[in-house]
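Converting from the sequence shown to our numbering requires adding 104 to each position, the first position being numbered 1.
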Amino acid sequence: MNIKKFQANTETEAMILAKEEMGKDAIVMNIKTISPKGIYKFFRKPVVEITAAVDDTPVELKEVSQSEPLIKPRKILNPDIIYDDPIDTEFGINRFDNSEEPSAIEQKLNNLQTLLEKQLIAKEAEEVNSQKVSEKNNSFSCIQLIYNQLINNEVDEVYANQIMSEIDGTLKRDASIDKILASVYQKIVLKLGQAKSIDLSSKHPKFVFFIGPTGVGKTTTIAKIASLYKIEKNAKIAFLTADTYRIAAVDQLRTYANILGMPVDVIYTVEDMKKAQDTYKDYDIVFVDTAGRSHRNLEQRDDIEKLLNSVPDGNKEIYLVLSITTKYKDLIKMTEVYSDITKYNLIFTKLDETCSLGNIFNIRMLTNAPLSYVTYGQNVPDDIEKIDAQSIAKKLLRG
Ligand SMILES: Nc1nc2c(ncn2[C@@H]2O[C@H](COP(=O)(O)OP(=O)(O)O)[C@@H](O)[C@H]2O)c(=O)[nH]1
Ligand SMILES: [Mg+2]
């Protein structure tokens with residue numbers, strides 16, 4: 105394992121430097137912006153520093169690495185614990201903002217209420233001025249404003265209408281803004297449902313499949329979740345990859361496996377998958393990385409289906425990984441294709457790249473699949489957390 109840092113003006117330039125020196129298989133472990141300190145801050149611009157790693161052990165696919173992990177993954181859920189590792193201790197740019205104290209969140213909801221009240225007063229004044237006698241009362245206008253807020257956050261009109269009509273039916277016409285807002289909030293939280301995570305209480309080992317389009321972050325997300333389970337549950341974990349289309353994809357998983365001190369095998373056939381079930385029968389979790397198949401290619405779809413079917417139901421969990429940055433129409437198509445093959449849980453990646461979380465709500469409503477994790481950056485293992493319905497609901501109602 106070779107780990108190095110590279111500084112440049114932009115992330116892309118730093119990545120080019122890393123690939124020049126370490127080869128095209130170098131992968132990003134951490135990105136941070138370094139601002140000059142003291143007097144230098146007047147003269148120097150901030151620079152971007154990436155930490156890149158490449159696995160330089162010879163490719164022997166069946167080899168099992170039992171050595172001490174080179175980097176001890178750090179627990180992110182408890183900021184008080186500082187782990188000693190050769191990579192930076194200053195992770196955490198672009199963090200999906202869930203660190204707010206309840207009071208801060210309440211403050212934001214209060215601000216939203218104040219904003220809605222102001223807009224209502226302005227709207228009423230406008231109506232009086234133009235002599236338009238409106239039959240709409242306050243609560244109706246408020247419902248309209250909340251509806252607009254949801255639409256601005258890219259909630260599908262159909263679902264936004266559904267929520268608002270449910271509210272309209274249950275609340276009195278003259279209900280106060282805070283009652284309406286609280287009621288919408290509760291509805292959204294209920295519809296988002298409880299976050300699902302890997303169930304270790306039932307049969308072992310659990311084969312946890314990650315399926316989904318290329319480039320959404322399947323491999324990175326596996327590394328993040330594996331770190332969490334190693335740290336929090338001390339789980340015995342192995343990796344399998346069926347993504348044999350690209351050498352780089354195998355190497356990427358191997359790099360993470362070596363860092364975490366976990367074995368990795370490559371799966372070419374359903375027979376390999378059966379063998380792996382024997383090899384890893386004493387393990388808690390076996391993460392299975394798959395190739396991002398074209399969802400339009402029927403043959404590839406069959407391959408995935410066969411792979412999934414090779415593990416008994418009680419021993420498997422399936423996670424469909426989707427990027428929140430994908431167009432809504434495409435997300436619908438992708439989920440339809442995978443729904444034809446299997447049941448799944450949902451993971452959304454790249455929340456750091458958008459402000460609108462409507463698609464999480466839309467796809468949850470469309471598929472009725474349980475939500476599980478969100479990821480919000482390239483840092484392994486930090487940039488991931490279990491989906492928090494309350495936090496998403498607040499974001500959907502915020503301007
Ligand atoms: N911005 C951002 N990038 C991510 C996130 N998760 C993964 N990536 C990046 O997306 C790219 C593809 O990730 P990879 O795990 O190889 O995707 P896969 O093809 O689905 O396995 C890599 O450059 C990752 O660092 C995320 O949450 N946010
Ligand atoms: Mg991959």
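Just so you know, even glycine gets a beta-carbon here, dropped at the ideal spot from N, CA and C.
Because the structure is a prediction, the values reported are computed rather than measured.
#1: How about Lys417: is its Cβ closer than 7 Å to a heavy atom in ligand 2?
#2: If we count the other Cβ atoms within 10 Å of its Cβ and call it buried at 16 or more, is Gly273 buried or exposed?
#3: Can Thr453 be considered in contact with ligand 1, in the sense that its beta carbon sits closer than 7 Å to one or more heavy atoms?
#4: Kindly identify the DSSP beta-bridge partner or partners of Ile491.
#5: Does DSSP put Asp282 in a helix, in a strand, or in coil?
#6: Using three-state DSSP, classify Val312 as helix, strand or coil.
#7: Of the choices Leu294, Lys128 and Thr324, whose alpha-carbon is the least far from that of Ile363?
#8: Quick test of the definition: if touching needs 3 or more C-beta pairs under 8 Å, does the stretch 299-316 touch the stretch 351-360?
#9: For Leu426 and Val320, what's the separation of their Cα atoms in angstroms?
#10: Compute the minimum distance between the beta carbon of Gly297 and the heavy atoms of ligand 1, and state whether it is under 7 Å.
#11: Just tell me which of Gln356, Ile445, Ile341 and Lys340 has its CA closest to the CA of Asp347.
#12: What does a CB cutoff of less than 6 Å around Ala395 pick up in its chain, not counting 5 residues either side in sequence?
#13: Going along the chain, which residues of its own chain have a beta-carbon closer than 8 Å to the beta-carbon of Ser331, five neighbours each way excluded?
#14: Taking DSSP as the reference, what is the three-state secondary structure of Leu296?
#15: Ordered along the chain, which non-local residues of its own chain (more than five positions away) have a Cβ less than 6 Å from that of Asn419?
#16: Nearest-angstrom Cα distance between Asn215 and Arg502?
#17: So what does DSSP say about Lys454, is it helix, strand or coil?
#18: Under 8 Å, Cβ to Cβ, is there at least one residue of chain B near Gly319?
#19: Roughly how many whole angstroms lie between the Cα atoms of Lys109 and Leu275?
#20: Hey, Lys334 and Thr479 are a contact pair by Cβ (cut 8 Å); roughly how many whole angstroms apart?
#21: According to DSSP, Ile422 sits in a beta bridge with which residue or residues?
Walking through what the data contain:
#1: A small fix is needed here, since residue 417 is Asp in this sequence, not Lys. Because no heavy atom of ligand 2 lies under 7 Å away, the Cβ of Asp417 does not count as near it: no.
#2: exposed
#3: yes
#4: In the DSSP assignment, Ile491 forms no beta bridge with any residue.
#5: DSSP places Asp282 within a helical segment (H, G or I) once states are collapsed to three.
#6: strand
#7: Ile363 has its Cα closest to that of Thr324, out of Leu294, Lys128 and Thr324.
#8: no
#9: 6 Å
#10: no
#11: Gln356
#12: Closer than 6 Å at the Cβ level, and outside the excluded window around Ala395, lie Asp347 and Tyr349.
#13: Pro177, Leu364, Val484 and Pro485
#14: Leu296 falls in the helix class under three-state DSSP.
#15: Lys307 and Phe311
#16: 9 Å
#17: coil
#18: Looking for chain B here will not work: only one protein chain is present.
#19: 58 Å
#20: The Cβ separation is near 17 Å, so there is no contact.
#21: Phe313
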